[in-house]
Every structure is written in C-alpha cells, then in structure tokens.
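A.B. asks: Just so you know, we're using the numbering used here here: the sequence shown kicks off at 5 and counts up by one.
From the three backbone atoms N, C-alpha and C, an ideal C-beta is built for every residue, glycine too.
In this text the structure is predicted, and so the values were computed from the model without any measurement.
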Amino acid sequence: MALSIMEKKPLFPKPLLLKPLLLKLLLLKPLLLKPLLLKPLLLKPLLLKLLLLKPLLLKPLLLKPLLLKPLLLKPLLLKPLLLKPLLLKLLLLKPLLLKPFLLKPLLLHKVLHGDIPIPEGWISSTNKNKPSIWINKQQYRFKKGLEDSKSRYECCSKKCYASFTVQERNGRLYFTRRPSEHGAECDREPDERRETQTRQRRRIQAEVANNGRTDGLVEGIIADGGLANTTLRDQRNLEQVAYRAARAQGQPAVLRSLDLDRAGYYQDFVSLVQRDVDKCRGNDQRLLLHADAGRPMIIWAADRNLNALNGSSGLIFDATFAVAPKGWQQLWVILIEKQGYYIPAVFILMARKTQEEYERALLKLRDVLTGKGLFQIISTLYIITDYELGMRQAILRVWEIDPERLRGCLFHLSKSWIRAYQSEGLASEYWASENVRTPTGRWLRSVIGLPCLSVEECKLAWADMKERKPQGEKIAKLVLYLDSHYMTDTSTFP
Numbered sequence: 005m006a007l008s009i010m011e012k013k014p015l016f017p018k019p020l021l022l023k024p025l026l027l028k029l030l031l032l033k034p035l036l037l038k039p040l041l042l043k044p045l046l047l048k049p050l051l052l053k054l055l056l057l058k059p060l061l062l063k064p065l066l067l068k069p070l071l072l073k074p075l076l077l078k079p080l081l082l083k084p085l086l087l088k089p090l091l092l093k094l095l096l097l098k099p100l101l102l103k104p105f106l107l108k109p110l111l112l113h114k115v116l117h118g119d120i121p122i123p124e125g126w127i128s129s130t131n132k133n134k135p136s137i138w139i140n141k142q143q144y145r146f147k148k149g150l151e152d153s154k155s156r157y158e159c160c161s162k163k164c165y166a167s168f169t170v171q172e173r174n175g176r177l178y179f180t181r182r183p184s185e186h187g188a189e190c191d192r193e194p195d196e197r198r199e200t201q202t203r204q205r206r207r208i209q210a211e212v213a214n215n216g217r218t219d220g221l222v223e224g225i226i227a228d229g230g231l232a233n234t235t236l237r238d239q240r241n242l243e244q245v246a247y248r249a250a251r252a253q254g255q256p257a258v259l260r261s262l263d264l265d266r267a268g269y270y271q272d273f274v275s276l277v278q279r280d281v282d283k284c285r286g287n288d289q290r291l292l293l294h295a296d297a298g299r300p301m302i303i304w305a306a307d308r309n310l311n312a313l314n315g316s317s318g319l320i321f322d323a324t325f326a327v328a329p330k331g332w333q334q335l336w337v338i339l340i341e342k343q344g345y346y347i348p349a350v351f352i353l354m355a356r357k358t359q360e361e362y363e364r365a366l367l368k369l370r371d372v373l374t375g376k377g378l379f380q381i382i383s384t385l386y387i388i389t390d391y392e393l394g395m396r397q398a399i400l401r402v403w404e405i406d407p408e409r410l411r412g413c414l415f416h417l418s419k420s421w422i423r424a425y426q427s428e429g430l431a432s433e434y435w436a437s438e439n440v441r442t443p444t445g446r447w448l449r450s451v452i453g454l455p456c457l458s459v460e461e462c463k464l465a466w467a468d469m470k471e472r473k474p475q476g477e478k479i480a481k482l483v484l485y486l487d488s489h490y491m492t493d494t495s496t497f498p
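1) Under 8 Å: do the segment 170 to 190 and the segment 150 to 160 share three or more Cβ pairs, one atom per stretch?
2) So, Tyr362 versus Met395, is the Cβ gap smaller than 7 Å?
3) Apply the 10 Å Cβ neighbour rule to Thr492 and answer buried if 16 or more other Cβ atoms are within range, or exposed otherwise.
4) Please state if the CB of Ile399 and the CB of Leu313 are separated by a distance shorter than 7 Å.
5) Residue range of the alpha helix (DSSP H) that Lys463 falls in?
6) Please name the residue or residues paired with Ala305 in a DSSP beta bridge.
7) Which runs of the alpha helix (DSSP H), 4 residues or longer, sit entirely within the segment 378 to 455?
8) Which residues in the same chain as Leu457 place their Cβ atom closer than 8 Å to its Cβ, once the five residues preceding and following it in sequence are excluded?
9) Going along the chain, which residues of its own chain have a beta-carbon closer than 6 Å to the beta-carbon of Pro176, five neighbours each way excluded?
10) Among all the DSSP beta bridges, which residues are the ones paired with Ala295?
11) Residues bridged to Ala323 by DSSP?
12) Taking buried to mean at least 16 other C-beta atoms within 10 Å of its own C-beta, is Pro329 buried or exposed?
13) Check the C-beta distance from Ala321 over to Ile340 and give it rounded, since I have them as a contact under 8 Å.
14) Look up Ser155 in the DSSP assignment and give the residues it is bridged to.
15) Identify, in the order they occur along the chain, each residue of the same chain with its Cβ nearer than 7 Å to the Cβ of Ile208, setting aside the five sequence neighbours on each side.
16) From Ala365, Lys342, Lys357, pick the residue whose C-alpha is nearest to that of Ile303; which is it?
17) What is the DSSP secondary structure of Leu177, counted as helix, strand or coil?
18) Please look up how many angstroms separate the CB atoms of Leu310 and Leu373, rounded, as I've assumed it's under 8 Å.
19) Report yes or no: do three or more beta-carbon pairs, one from the segment 197 to 206 and one from the segment 163 to 179, lie closer than 8 Å?
20) What are the boundary residues of the alpha helix (DSSP H) that includes Ile226?
21) On a Cα-Cα basis, can you pick out the residue from Ser136, His117, His113 that is closest to Glu124?
22) Do you know how far the Cα of Tyr391 is from the Cα of His436?
23) In this structure, does DSSP put Arg279 in helix, strand or coil?
24) Quick check: Ala355 and Gln334, are their CB atoms within less than 7 Å of each other?
25) Which stretch, first to last residue, makes up the alpha helix (DSSP H) that contains Ile120?
26) Could you pull the start and end residues of the beta strand (DSSP E) that Pro135 belongs to?
27) Start and end of the alpha helix (DSSP H) containing Glu363?
28) Go through its chain and collect everything with a Cβ distance to Asp280's Cβ below 6 Å, but skip five positions before and after it.
29) Can you name the residues that DSSP bridges to Arg290?
30) Just how far apart, CA to CA, sit Arg266 and Asp272?
31) To the nearest angstrom, how far is it from the Cα of Asn131 to the Cα of Gly187?
32) Got a sec, what are the start and stop residues for the alpha helix (DSSP H) Tyr247 sits in?
33) Using only CA atoms, which one of Asp371, Pro407, Arg205 lies nearest to Ser383?
34) Going by other Cβ atoms of all chains shown within 10 Å of its Cβ, with 16 needed for buried, is Thr358 buried or exposed?
35) Between Trp126 and the rest of its own chain, which residues show a CB-CB distance below 6 Å, the 5 nearest in sequence each way excluded?
36) With Glu199 as the anchor, note down where its alpha helix (DSSP H) starts and where it stops.
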C-alpha cells in the first residue's frame, strides 16, 4: 500500500516543507534530479551554496523537528549521493553555522568570562585618544593601570561608575572582572550609531597614518559596514577627520622648551603654524594674515568672513584664555553681527595683552581691510567690548571711531557691579529672595537694570535713585564707585 502511494506521488518532498527558492529549484529544474546530476561533485557545491547563502530558507527544517522528521524519512533525501557526510553534519550537528546571529551571545559569554581574548573589533579609542572598549554598543574608557598587567575601564558617562578590569596576556586583553551594572544616573544609552561613527573615525585615522589620504577612503569605509548608521553630516565630519589626520602627518613631536629657550619655542610654534595652519580647509584660500615669532603674535582671518562686513551692523570683541596654548596669554576674537547672526571673523593669538599689543593687531587688520576696500565700513558700525581699558583705548586710537559707537558688554558690566556689591558686603542683600528682600536689596536690583535704558533715561533714573538711596556707608561707597567708573561724562567708562 505504501509502495503504491509512493509511485503515484512526486519524488520530491511536500511543497509545504519547502521554502520558495528550494521549491523553484525542484519544480522548474527537474533535470537536477536526474541521476547523472546527482553525483557528489555536482550536487555538493549546489547544496552548500544553498545552505550557506540562504540559511533562513531552511530555518523551519532545522528548528522544527516535526517537519524535519517526515522529510528525513523520504528515501530520496536519504540516498548517499544526496546527503554526503559533510552536509549531514551541517544540517544536523552544526545548526548554529546556519544562524550566525546565534553566535553573538555565545561569544559575548565566553569573552566576559575570560575564556577567550577580547576581539580586536571591540577595541577602540576615545576622542582624546584614550584606549576604549565597546560592549553591547556602550563605550568604556581606560581609567588606570593596576598591578599584574591589569587595567580598569569605566563607562564613558561622567555620572556612571560601571567598570570592569582586563589583563594583558601575550599581547591580547582578557576580562578578569565582568562589567558592573550601570547606575540610574548613567546618561549614555546603548548607541549603535555612535559606536559605528567612532569606529569609522579610528579606521580613517589609522589608514591615513599608514597609507596617507587617498581618494575614496571615507566612502569605502562607510560602505564597509557603516552605511546604515551614517548620515550626510556624518560623512562630512569623517572627511574632516581624514583632512586633519593628513595634516598631522610629519609634525614635530615637541617644541623647544618655553622655559629653557623662549625664543626657540616661539620660532617652532610660528613655523608650525605657517606650515600647517595657513590655508582654509577645502578651498586652500588664505587664512593666516600675520605671524611674528620675534614679537609673538599670530592673526588668522578668512577673506570670505571678512567680506561679511558688507551689510553688517556691528562688531563684538572678546577674549578667551582657556584655549590659549602654553606661552600665549589669550586668543582675541572679533565677531561680525549681520542680520542677527554672529560670524567669527578674526582670531588673534597674543603673548601679551597690553595696549601696545592691541594696537599692533588693529594696525595689521586696518591694512588688510583697507586693501580689500572694507575699512571705511568700520566707522558706521557699533563696537561692543568688555571693560579692559587698554583694548578700548587701542580701538579708539587706531581705528579712530566715534566714542559713542564704542559700547560695553552688559554681561561684563553686571559682573563687575556684583563684584562691587560683594566687596562692600552687600551681596546677601542683593541675592535675597523676593519675599524677604529688604529695601536696600530692591534698590540694588534696580541699579542692575539701569544699563537697559537709553543714555538719557539712564542719567535721569540714576539721579532719582541717588536721591532715594538707602542710608549707610556701604551704599555711599558704592555710589562713589559707580559715578567714578560709569555714570558721568568724566568717568573711566562714560
């Protein structure tokens, strides 16, 4: 009875058990079943290709024993010519080979228990070039070295103290303590995109260091596994990484000592700037306007930013000290205000902040702007600075602007007035909450609002406030300070 049924049915398994691609092969390619084509040398590559390239097609056959059992009972599929030992091993003994994603938990388990070394692909570095390790899309940075070739790594979140330890053996890293749990204060969620971008940056830096910057380098690295997590903005950032890495090639390891050879230090510094920071990125237009090692000063300004003076309404001068390199006192910055936007236009690295040095810098800028036909615009603009007397005097003297166009910064003004409150012991009155604020505290608050009035309104309001000022020596000293520095035509900052 069973034999008669087999004779009436097709020789291939039920379509229910076969995925579309396999069914297509069996139904549309009957010649594949001919005995001549079932020889091991012909069938084995075909089945291997099908199994390895299309593992998900056979997923039901591997994961559902009830479906696999009737399939294996088919005499045709049990023939030695069809199921060679290697294929049988792939199908029955090594199902994990057909599902690569199942290897990840197993690999993670073995790595975290120290059974196998940390994969090279997990190892990276932070933006500050500290060694780092990625685990489950979270980055841990090197914290400190320990005894016995061990190191401690911590979560990159400043608020999180999740950590682990690793040990170096034969040039590879092994876990000796698993990562601890992330605390509730941790602000770094698992981020596959961030991991991808970090790895791409490190690959670009390594490629440029080893082989130089080549055409298509960034595109090739993005295409190699990072396309899904890379935006157009990310690609532009990676191009900048490649540019900076290429410019960094061949730089001297150290400059001459500032303490032992001050002149030599500035010569090395200026030479480095002239070689590597003299052009704009991307278009190679002029960026470096002036570099002097004898009287140390460096001025950068891009022509396209200076051209923004056309149609602008004002300039803002400010200085920062935090980014000034060793041996330099400040970075002086000039911003152009145009239609509500502020464009950083000039950067001046100064070794000293004296009126003479400010005048040197402004003279050089005046020559550059005159050559571009832009200097006459300066006299039509307002200029805002802090209350550094040498800077303000240099602007008035070199650029010859109307004193009424030279204004002060509200932030710096309020800061200096509050310092005056503190020096007179009035800070507690000023900072008191509204429900407990005294009349003196309310008067001090009103003083801070005076700069928001026009010049004429400010003069009238200040005269009125002096008439009804609180009594006491502290307030009297404060009024004298404000009059001598700010409130009259003969003040230091009228």
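C.D. replies: So, to answer that:
1) yes
2) Taking the sequence shown and counting its residues from 1, one reaches residue 362 at position 358. Taking the sequence shown and counting its residues from 1, one reaches residue 395 at position 391. Their beta carbons are under 7 Å apart, which means Tyr362 touches Met395 by this criterion.
3) Against the sequence shown, residue 492 aligns to sequence position 488. So Thr492 counts as exposed.
4) By one-based count along the sequence shown, residue 313 stands at place 309. By one-based count along the sequence shown, residue 399 stands at place 395. Taking 7 Å as the Cβ cut-off, Leu313 and Ile399 do not qualify as a contacting pair.
5) Translated into positions along the sequence shown, residue 463 becomes position 459. Residues 459 to 471.
6) On the sequence shown, residue 305 is found 301 positions in, with the first residue counted as 1. Ala305 is bridged to Val350.
7) 379 to 382, 393 to 403, 414 to 427, 431 to 435, 443 to 453
8) What you label residue 457 is simply residue 453 of the sequence shown in a count that begins at 1. Ala465, listed in sequence order.
9) Taking the first residue of the sequence shown as 1, we reach residue 176 at position 172. According to the sequence provided, residue 176 is Arg. The question's Pro does not apply to it. Cβ within range, chain order: Pro121.
10) Counting from one through the sequence shown, the residue named residue 295 turns up at place 291. Ala295 pairs with Ile302.
11) If you number the sequence shown from 1, residue 323 lands on position 319. According to DSSP, Ala323 bridges with Trp336.
12) Here the question's residue 329 lines up with position 325 in the sequence shown. By the 10 Å Cβ count, Pro329 comes out exposed.
13) Numbered from its first residue, the sequence shown carries residue 321 at position 317. Numbered from its first residue, the sequence shown carries residue 340 at position 336. In the sequence as displayed, the identity of residue 321 is Phe instead of Ala. Contact flag wrong, Cβ pair sits at about 11 Å.
14) Residue 155 sits at position 151 when you count from the first residue of the sequence shown. In DSSP, Ser155 forms a bridge with Gly149, Val170.
15) Here residue 208 refers to the residue found at position 204 of the sequence shown. Within the same chain, Ile208 has close Cβ partners Leu221, Val222, Ile225, Leu242, Val245, Ala246, Ala249.
16) Looking up residue 303 in the sequence shown gives position 299. The option with the nearest alpha carbon to Ile303 is Ala365.
17) Counting from 1 along the sequence shown, the entry for residue 177 is found at position 173. In the structure shown, Leu177 sits in a strand (DSSP, three-state: E or B).
18) Here residue 310 is taken as the residue at index 306 of the sequence shown, counted from 1. Here residue 373 is taken as the residue at index 369 of the sequence shown, counted from 1. Confirmed, Cβ separation roughly 7 Å.
19) no
20) Counting from one through the sequence shown, the residue named residue 226 turns up at place 222. 221 to 227 is the span of the alpha helix (DSSP H), which, as asked, contains Ile226.
21) The residue given as residue 124 occupies position 120 in the sequence shown. Nearest C-alpha to Glu124: Ser136.
22) In the sequence shown, residue 436 corresponds to position 432, counting from 1. In the sequence shown, residue 391 corresponds to position 387, counting from 1. According to the sequence shown, residue 436 is Ala rather than His. Each residue's Cα considered, the two are about 28 Å apart.
23) The residue given as residue 279 occupies position 275 in the sequence shown. The answer is helix: DSSP assigns Arg279 an H, G or I state.
24) Residue numbering aside, residue 355 sits at position 351 when the sequence shown is read from its first letter. Residue numbering aside, residue 334 sits at position 330 when the sequence shown is read from its first letter. It is not a contact, given that the beta carbons lie outside the stated cut-off.
25) By one-based count along the sequence shown, residue 120 stands at place 116. It is not in any alpha helix (DSSP H) - Ile120 carries neither H nor E in the DSSP assignment.
26) For the purposes of this step, residue 135 is taken as the residue at position 131 of the sequence shown. It spans 135 to 139 - the beta strand (DSSP E) in which Pro135 sits, taken as one unbroken run.
27) Position 359 of the sequence shown, counting from 1, holds the residue named residue 363. Glu363 -> alpha helix (DSSP H) spans 359 to 375.
28) Residue mapping note: residue 280 aligns to position 276 of the sequence shown, counting from 1. Around Asp280: Arg251.
29) As a working mapping, residue 290 is identified with position 286 in the sequence shown. Paired residue(s): Lys283.
30) Residue mapping note: residue 266 aligns to position 262 of the sequence shown, counting from 1. Residue mapping note: residue 272 aligns to position 268 of the sequence shown, counting from 1. The straight-line gap from Cα to Cα measures roughly 10 Å.
31) Here the question's residue 131 lines up with position 127 in the sequence shown. Here the question's residue 187 lines up with position 183 in the sequence shown. Computed Cα separation, rounded: 23 Å.
32) Taking the sequence shown and counting its residues from 1, one reaches residue 247 at position 243. Start and end: 236 to 251.
33) The count along the sequence shown starts at 1 and reaches residue 383 at position 379. For Ser383, the nearest C-alpha among the options comes from Pro407.
34) Start at 1 with the first residue of the sequence shown, and residue 358 comes out as number 354. Thr358 should be labelled exposed.
35) If you number the sequence shown from 1, residue 126 lands on position 122. Closer than 6 Å at the Cβ level, and outside the excluded window around Trp126, lie Ile137, Trp138.
36) The residue given as residue 199 occupies position 195 in the sequence shown. Looking at the DSSP string, the run of the alpha helix (DSSP H) that includes Glu199 is 196 to 215.
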